[in-house]
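Written below as structure tokens is the structure these notes are about.
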Amino acid sequence: MTINAALGSVSYDDERARANGHGPMILAGVVAAGQGALPVGLLLSRNATDELIPYEAVNDEPVGTGNGTDKTFADTLAKASIEPGTVSVTDGVETFTDDGYGRLTGSAGGTGTINYTTGALSVTFNAAPANAAAVTADYVRELVGVLDETIDTTKTTSATYIPHGTVRRDVLKVGAIAKAAPSATELKRLSRKGIWAM
1 MTINAALGSV
11 SYDDERARAN
21 GHGPMILAGV
31 VAAGQGALPV
41 GLLLSRNATD
51 ELIPYEAVND
61 EPVGTGNGTD
71 KTFADTLAKA
81 SIEPGTVSVT
91 DGVETFTDDG
101 YGRLTGSAGG
111 TGTINYTTGA
121 LSVTFNAAPA
131 NAAAVTADYV
141 RELVGVLDET
151 IDTTKTTSAT
161 YIPHGTVRRD
171 VLKVGAIAKA
181 APSATELKRL
191 SRKGIWAM
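Going by the numbering used here, the sequence shown opens with residue 1, and the numbers climb by one from there.
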């Protein structure tokens, strides 16, 4: 007697960021609550309490205001930890660039330092910034991985993410609200972290 029965079939279609190739390392992580829906493939950073948040560039963060006398400005950047090599500080006349090792070099001979973990910043301009001149910093939060699933942070703070391995280039996104494909520079940052877009 031959029995040919199908008890049922199950299909599961869930978009993921992981890709074939160098198998991805997939970890569970705590995501900051109250961020709304976060899409699969979102590039991730960490906040001060070590929760996963969207990776972002920070522009024109105030560091101080010139008075025509003081050359040295110290501050703690608000969104540490910071991706090495991305810090720029300016008063509109002299611009400091980051060497990727914590040293800042001014275009007019000034010097400075940045602690990527804490965000502690100190710069000494070659000439004192003018009275009322804004001293500002641009930088990028440290890139730590790629979100492997779509999650709603109003309902859960647990998610899987990829800190190492291959990911699908077609699902990668920068920004949870105004989503954009990662730039060539961001793809290089991913590969330096051991995350390869296929």
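Each residue gets a CB set at the ideal place from its N, CA and C atoms; glycine is no exception.
Return the first residue and the last residue of the alpha helix (DSSP H) that Ser-191 is part of.
-> Residue range 184 to 192 is occupied by the alpha helix (DSSP H) that includes Ser-191.
Please list, in chain order, all residues of the same chain as Arg-210 whose beta carbon is under 7 Å from its beta carbon, the five residues on each side excluded.
-> Examination of residue 210 is not possible in this model, given that the chain is present from 1 through 198 alone.
Using the Cα positions of Pro-24 and Thr-136, report the straight-line distance between them to the nearest angstrom.
-> 38 Å
Considering only C-alpha positions, which residue in the set Ala-178, Leu-77 and Arg-192 is nearest to Pro-54?
-> Taking only the C-alpha atoms, the option nearest Pro-54 is Ala-178.
C-beta atoms of Thr-166 and Ala-19 nearer than 8 Å | yes
At a cut of 8 Å, does the segment 148 to 155 reach the segment 27 to 37 through at least three beta carbon pairs?
-> yes
Of all the options Tyr-101, Ala-128, Pro-129 and Thr-111, which has the alpha carbon lying nearest to the alpha carbon of Gly-117?
-> The residue asked about is misnamed: residue 117 is Thr in this sequence, not Gly. Out of Tyr-101, Ala-128, Pro-129 and Thr-111, Tyr-101 has the C-alpha closest to the C-alpha of Thr-117.
Taking the CB atoms as reference points, tell me whether Val-140 and Ile-195 lie closer together than 8 Å.
-> no
Which one of Asp-99, Glu-94 and Val-93 has the shortest CA to CA distance from Val-87?
-> Answer by Cα proximity: Asp-99.
Backbone secondary structure at Asp-50 - three-state DSSP = coil
Just tell me which of Asn-131, Gly-109, Ala-48 and Asn-67 has its CA closest to the CA of Gly-119.
-> Ala-48
Chain-order list of residues whose beta-carbon lies under 7 Å from that of Lys-193 (same chain, five-residue window excluded) | Same-chain partners within the cutoff: Leu-143.
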